[in-house]
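Asks: Respectively, the protein sequence lines represent chains A and B. All residue numbers for the first sequence refer to the numbering used here, where the first residue is 1 and numbers rise by one. All residue numbers for the second sequence refer to the numbering used here, where the first residue is 1001 and numbers rise by one. Can you keep this structure in mind? I'll have questions shortly.
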Amino acid sequence: MKVTNLTSCLKKTLLFGFLMFTSMVTQAKGLSLYTPNTRISAPPGASIDYTIDIINESSVVRNENLSVTGLPSTWTYTLQSGSYHIDRIAVLPGEKKSLKLKVEVPFQVNKGIQTFYVNAINTTSLPLSINVTERGAAESELSTTQNNMQGDNSATLTYKATLRNRTAEQQHYSLRGDVPRGWNLTFKADFKAVTSVELEPNSTKELTIELKPSATTAPGVYTIPVKALTGATAAALDLEAVVTGSYAGQLTTPDGRVSTSARAGREKELDLVLRNTGTSTLHNLELRSNLPSNWELRFEPEQQDSLQAGETAHVKAYLKPHKNAIPGDYVTSLELRNPEINTKVSYRVTIKTPALWGWLGVLLILGALGGLVLMFRKYGRR
Amino acid sequence: MNTIKIPLPSSRPALGAGPFGAMIQKEMADHLRSWRFLLLLGLLVLTCLGSMYAALSSFSSLPPSELAKMEFFFLKLFSISDGSLPSYAIFIGFLGPLLGIALGFDAINSEHNNGTLSRLLSQPIYRDYVLHAKFLAALAISAILLFSLTIVVSGWGLLALGIPPGADEVLRILMFTLLTIAYISLWINLAILFSIVFRQTSASALGSLSVWLFFSVFFNMLIDVVAKHLAPKQFLSEAQAVAFQNFVLNLLRFNPIHLFNEATNIVLMPSVRSTGALTMEQISGTLPGALPVGQSLLMIGPQLTGLFASTIVLFALGYFLFMRREVRSR
Chain A
1 MKVTNLTSCL KKTLLFGFLM FTSMVTQAKG LSLYTPNTRI SAPPGASIDY TIDIINESSV
61 VRNENLSVTG LPSTWTYTLQ SGSYHIDRIA VLPGEKKSLK LKVEVPFQVN KGIQTFYVNA
121 INTTSLPLSI NVTERGAAES ELSTTQNNMQ GDNSATLTYK ATLRNRTAEQ QHYSLRGDVP
181 RGWNLTFKAD FKAVTSVELE PNSTKELTIE LKPSATTAPG VYTIPVKALT GATAAALDLE
241 AVVTGSYAGQ LTTPDGRVST SARAGREKEL DLVLRNTGTS TLHNLELRSN LPSNWELRFE
301 PEQQDSLQAG ETAHVKAYLK PHKNAIPGDY VTSLELRNPE INTKVSYRVT IKTPALWGWL
361 GVLLILGALG GLVLMFRKYG RR
Chain B
1001 MNTIKIPLPS SRPALGAGPF GAMIQKEMAD HLRSWRFLLL LGLLVLTCLG SMYAALSSFS
1061 SLPPSELAKM EFFFLKLFSI SDGSLPSYAI FIGFLGPLLG IALGFDAINS EHNNGTLSRL
1121 LSQPIYRDYV LHAKFLAALA ISAILLFSLT IVVSGWGLLA LGIPPGADEV LRILMFTLLT
1181 IAYISLWINL AILFSIVFRQ TSASALGSLS VWLFFSVFFN MLIDVVAKHL APKQFLSEAQ
1241 AVAFQNFVLN LLRFNPIHLF NEATNIVLMP SVRSTGALTM EQISGTLPGA LPVGQSLLMI
1301 GPQLTGLFAS TIVLFALGYF LFMRREVRSR
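The following block contains the structure:
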């Protein structure tokens, strides 16, 4: 059997190799120590339970002192028989006793193989090794597999993060993030919004971090530092939010009223306001209209070359209803469009007929009355 | 020399004072005491009751959800019916001419036949006072009658519905009443004209009634026949169809009854936006909705002008004939 990775305990290599060659059961003067799992892989902070058999193969009762050697001082162990802590055990001839050995791997430990010995003093020794699978640290850890998310300023960016308590104590983490003003950051644990979580030693918690950029966020890459803090430890994570530009526009009037009255056949001036409500510049904005038949509408200017985010532009529209339009309400539809946006507004136009014909009628009646008065004069016999 | 002052009427006496006022009051009193008037009053009150019953029962037959959506609720009192009886507007449109004829058909010839006309004219009054007083008294009577009926209908409607009319509705109801009075005055003038033309009261009554019958029944039939003959036999474009329809409508508008009905419809139904036929082009993009009072009034301008002008012409004709007539005592 080839032994590798014994960098931390080089001086024990020879002895260990020798022992491995002899047998898994260490035997000396009729006393053996036996356990099946002689090399165990474990992460930092793990606790490993061994069951060690001590076998008396001699013909006399053996009363032996027990010890565990080779463990660094940060590692702890307990040796138990039944429910007692012991350091000496007696075994009848031809019988065996079971011992329980519990080894606690510390949190702060280097990666590698740690070998130690269970000794029946002066008689025999059982070499055991623990393969520490990773480097441990006595701290907390906040990590994510995907820390870069993209979305526009109306999207919610959702990150998955894992908070790990690597300390020996239970920790109460308060969760914080540094977001630009107007942004919204929510931590969720088990689908509930939280601001703090409590973690047992050496346990993990899945956190969902929801990030909502503000509506006016300019396009760009934003780094959002997120922290889990306790009095003793802290873990930090940098989230990256890639905010893309959004395109939105609005077509309205200066006072927000989208109704007017007009006379049939006469041109009416309308004030329109184009507003860029997105975060990107809008280019080549065109105005279109959908009108009752034979109505005319022209815009001044016809086209808006570019409109910066958050800016407004004023446009005059000249509406000419058809001369045969009947009085009452008509609906016209105005549209603001470019390849990115398409927004419509319904404009209600109340048509009023010219009072000209009404006055003509009044004039006719007055003429008739005038004729009557002339008649009174002529035939009145006064 | 002593001069005796003879009190001559001032050239412009105030209404209700002086001989002219006395004549109007006398004429009105004559009307009010006549059996004829009482009969007409009874007829009109029955009309009012019947049409109100029809309107209210049509309201109660509608589900509340429909009622809640209804616009110009109060105005509908005058124009709605459950089908068992005509609505108030139609009744008044029908009986109005009858009232006008009844108030005017014997205005002059009965005085003439009784020999009172020459006696009247021997009084120190102008001759045209007689005609003016006859017309104004009849007009006043019909105005009082119609306003009372309108108020009764409105009051009853208020009591039955519990919904007050809006300002727009009040204006429209007022317009409707004035329109009806103007319409009745047309028939009063027609009847007075016939009473001047015919010596016999029965002849003038029959003459007026036959004109009324002609316009209410036969005129439209005549136009129908004419329209059928004139109608293009070939396939019509939409514009042609509308133009022809409007041509026929214009022929119909020589009928004062048709003019009155059109005007009534526009006044009582704010959602009506045109009196004539419309092309699809004119309809496209329209939204259903009520017109303001002013716009409705503008729309019926031609109808009102026609009604008023023909009233004035009839009066002028009667005046001309009456003033030129030789009046002798028997």
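Where a beta carbon is used, it is the ideal one built from N, C-alpha and C, also for glycine. For clarity, every value in this text was computed on a predicted model and none was experimentally measured.
Can you give me the C-alpha to C-alpha distance between SER23(A) and PHE187(A), rounded to a whole angstrom?
Replies: Position 23 of the first sequence holds residue 23(A). Position 187 of the first sequence holds residue 187(A). The predicted model places SER23(A) with a pLDDT of 42, which falls under 50 and marks its position as unreliable; any figure quoted below should be read in that light. About 56 Å.
Asks: Within the stretch 1113–1181 of chain B, note down every full alpha helix (DSSP H) run reaching 4 residues or more, in order along the chain.
Replies: The stretch 1113–1181 of chain B contains these whole alpha helix (DSSP H) runs: 1116–1121 and 1128–1161.
Asks: Applying the 10 Å Cβ sphere with the 16-neighbour rule, what's the burial state of TRP1035(B)?
Replies: Within the second sequence, residue 1035(B) is the residue found at index 35, counting from 1. Its Cβ having fewer than 16 others within 10 Å, TRP1035(B) is exposed.
Asks: Going by DSSP, what residues sit across from GLY220(A) in a beta bridge?
Replies: To locate residue 220(A), count along the first sequence from 1; it is residue 220. Answer is VAL243(A).
Asks: When the Cα of LEU1041(B) is compared with those of SER1060(B), PHE1074(B), LEU1098(B) and ALA1089(B), which residue comes out closest?
Replies: Here the question's residue 1041(B) lines up with position 41 in the second sequence. Out of SER1060(B), PHE1074(B), LEU1098(B) and ALA1089(B), LEU1098(B) has the C-alpha closest to the C-alpha of LEU1041(B).
Asks: List the residues of chain B that TYR330(A) touches, going by C-beta distances under 7 Å, in chain order.
Replies: By one-based count along the first sequence, residue 330(A) stands at place 330. Those within 7 Å of TYR330(A) in chain B are GLY1285, THR1286 and LEU1287.
Asks: Between ALA1089(B), ILE1141(B), GLN1245(B) and GLU1066(B), which lies nearest to VAL1226(B) when the distance is taken from Cα to Cα?
Replies: Stepping through the second sequence from its first residue, residue 1226(B) is reached at position 226. Nearest C-alpha to VAL1226(B): GLN1245(B).
Asks: In this structure, does DSSP put PHE1245(B) in helix, strand or coil?
Replies: What you label residue 1245(B) is simply residue 245 of the second sequence in a count that begins at 1. Phe is not the amino acid found at residue 1245(B); the sequence shown has Gln there. Reduced to three states, the DSSP call for GLN1245(B) is helix.
Asks: Suppose contacts are defined by Cβ-Cβ distances below 8 Å. Is GLN170(A) in contact with THR233(A) by that definition?
Replies: What you label residue 170(A) is simply residue 170 of the first sequence in a count that begins at 1. What you label residue 233(A) is simply residue 233 of the first sequence in a count that begins at 1. No; because the gap between Cβ atoms is not below 8 Å, this pair is not in contact.
Asks: Flag this pair as yes or no: are the beta carbons of LEU71(A) and ASP87(A) separated by less than 8 Å?
Replies: Here residue 71(A) refers to the residue found at position 71 when the first sequence is read from its first residue. Here residue 87(A) refers to the residue found at position 87 when the first sequence is read from its first residue. No, the pair does not count as a contact, with Cβ atoms beyond the cut-off.
Asks: Does chain A have any CB closer than 8 Å to the CB of VAL1313(B)?
Replies: What you label residue 1313(B) is simply residue 313 of the second sequence in a count that begins at 1. Answer yes: the Cβ-Cβ gap between VAL1313(B) and chain A drops below 8 Å somewhere.
Asks: Scan the stretch 67–113 of chain A and note each continuous beta strand (DSSP E) run of 3 residues or more that stays entirely inside, going in chain order.
Replies: Correct list: 76–81, 88–91 and 96–104.
Asks: Which ranges does the alpha helix (DSSP H) cover as unbroken runs of at least 4 residues, wholly within the stretch 1262–1321 of chain B, from first to last along the chain?
Replies: Runs found: 1280–1283 and 1293–1299.
Asks: What are the residues that DSSP puts in a beta bridge with ARG1328(B)?
Replies: One-based indexing of the second sequence puts residue 1328(B) at position 328. Paired residues: none, contrary to the question.
Asks: For chain B, check one thing: does any of its Cβ atoms lie closer than 8 Å to the Cβ of LYS352(A)?
Replies: One-based indexing of the first sequence puts residue 352(A) at position 352. Yes, contact with chain B.
Asks: I'd like to know if ALA1133(B) contacts chain A, where contact means its C-beta is closer than 8 Å to some C-beta of that chain.
Replies: Working through the second sequence from its first residue, we reach residue 1133(B) at position 133. Not one chain A Cβ lies under 8 Å of ALA1133(B).
Asks: With LEU364(A) and ALA1102(B) assumed to form a contact (beta carbons below 8 Å), what rounded beta-carbon distance in angstroms separates them?
Replies: Here residue 364(A) refers to the residue found at position 364 when the first sequence is read from its first residue. Here residue 1102(B) refers to the residue found at position 102 when the second sequence is read from its first residue. Not confirmed; about 30 Å, so no contact.
Asks: For ASP1168(B), go through chain A and note every residue whose CB falls closer than 8 Å to its CB, in chain order.
Replies: In the second sequence, residue 1168(B) corresponds to position 168, counting from 1. Result: empty, since nearest Cβ-Cβ is about 15 Å, beyond 8 Å.
Asks: What does a CB cutoff of less than 7 Å around ASP1168(B) pick up in its chain, not counting 5 residues either side in sequence?
Replies: Taking the first residue of the second sequence as 1, we reach residue 1168(B) at position 168. Taken in chain order, the residues that qualify are VAL1293.
Asks: Ends of the beta strand (DSSP E) at PHE187(A)?
Replies: Here the question's residue 187(A) lines up with position 187 in the first sequence. 184–189 is the span of the beta strand (DSSP E), which, as asked, contains PHE187(A).
Asks: Who are the near neighbours of VAL258(A) in its chain, counting only those whose CB is closer than 8 Å to its CB and skipping five residues on each side?
Replies: Position 258 of the first sequence, counting from 1, holds the residue named residue 258(A). For VAL258(A), where only same-chain residues beyond five positions count, the Cβ hits under 8 Å are THR252, VAL345, SER346, TYR347 and ARG348.
Asks: Sort out for me which residues DSSP pairs ILE40(A) with in a bridge.
Replies: Stepping through the first sequence from its first residue, residue 40(A) is reached at position 40. Paired residue(s): ILE130(A).
Asks: Determine the DSSP secondary structure at LEU366(A), reduced to helix, strand or coil.
Replies: Locating residue 366(A) in the first sequence gives position 366, counting from the first residue. Of the three classes helix, strand and coil, the one that applies to LEU366(A) here is helix, per DSSP.
Asks: With DSSP as the reference, label GLY256(A) as helix, strand or coil.
Replies: Residue 256(A) sits at position 256 when you count from the first residue of the first sequence. Looking at GLY256(A) - three-state DSSP - the assignment turns out to be coil, as it is neither helix nor strand.
Asks: Just mark GLN304(A) as buried or exposed, buried being the case when its beta carbon has 16 or more other beta carbons within 10 Å.
Replies: The residue given as residue 304(A) occupies position 304 in the first sequence. It counts as buried.
Asks: Just verifying my parser: in three-state terms, what is the DSSP assignment at GLU1027(B)?
Replies: The residue you call residue 1027(B) lines up with position 27 of the second sequence. Helix.
Asks: Considering just the uninterrupted stretch of the beta strand (DSSP E) at ASP271(A), what are its terminal residues?
Replies: Numbered from 1 along the first sequence, position 271 holds the residue referred to as residue 271(A). Residues 268–276.
Asks: Starting from ASN1220(B), follow the alpha helix (DSSP H) in both directions and report where the run begins and ends.
Replies: For the purposes of this step, residue 1220(B) is identified with residue 220 of the second sequence, where counting begins at 1. Note, ASN1220(B): alpha helix (DSSP H), 1219–1230.
Asks: Starting from the beta carbon of MET1299(B), find every residue of chain A whose beta carbon is closer than 8 Å, and list them in chain order.
Replies: Here the question's residue 1299(B) lines up with position 299 in the second sequence. The contacting residues are PRO327 and THR353.
Asks: ILE1188(B) and LEU1139(B) - do their beta-carbons sit closer together than 8 Å?
Replies: By 1-based counting over the second sequence, the position of residue 1139(B) is 139. By 1-based counting over the second sequence, the position of residue 1188(B) is 188. Yes, these two residues count as a Cβ contact at 8 Å.
Asks: What do you get for ARG62(A), buried or exposed, if any count of 16 or more other CB atoms within 10 angstroms of its CB means buried?
Replies: Taking the first residue of the first sequence as position 1, residue 62(A) is located at position 62. It is buried - the Cβ of ARG62(A) has at least 16 other Cβ atoms within 10 Å.
Asks: Taking the straight line between their C-alpha atoms, what separation do you get for VAL1248(B) and LEU1321(B)?
Replies: Residue mapping note: residue 1248(B) aligns to position 248 of the second sequence, counting from 1. Residue mapping note: residue 1321(B) aligns to position 321 of the second sequence, counting from 1. Cα to Cα, VAL1248(B) sits roughly 34 Å from LEU1321(B).
Asks: Give the C-beta separation of HIS322(A) and ASN294(A) to the nearest angstrom, bearing in mind that I take them to be a contact with Cβ-Cβ under 8 Å.
Replies: If you number the first sequence from 1, residue 322(A) lands on position 322. If you number the first sequence from 1, residue 294(A) lands on position 294. Going by Cβ atoms, the distance from HIS322(A) to ASN294(A) rounds to 4 Å, so yes, they are a contact pair.
Asks: Return no unless some Cβ of chain B is closer than 8 Å to the Cβ of LEU270(A).
Replies: Counted from its first residue, the first sequence places residue 270(A) at position 270. It does not; no Cβ of chain B falls within 8 Å.
Asks: With 16 as the cutoff for other CB atoms within 10 Å, does LEU33(A) come out buried or exposed?
Replies: Within the first sequence, the letter at position 33 stands for residue 33(A). The residue is buried, with at least 16 neighbouring Cβ atoms inside 10 Å.
Asks: For MET1023(B), count the other beta carbons within 10 Å of its own beta carbon; 16 or more makes it buried, fewer makes it exposed. Which is it?
Replies: Here residue 1023(B) refers to the residue found at position 23 of the second sequence. Label assigned to MET1023(B): buried.
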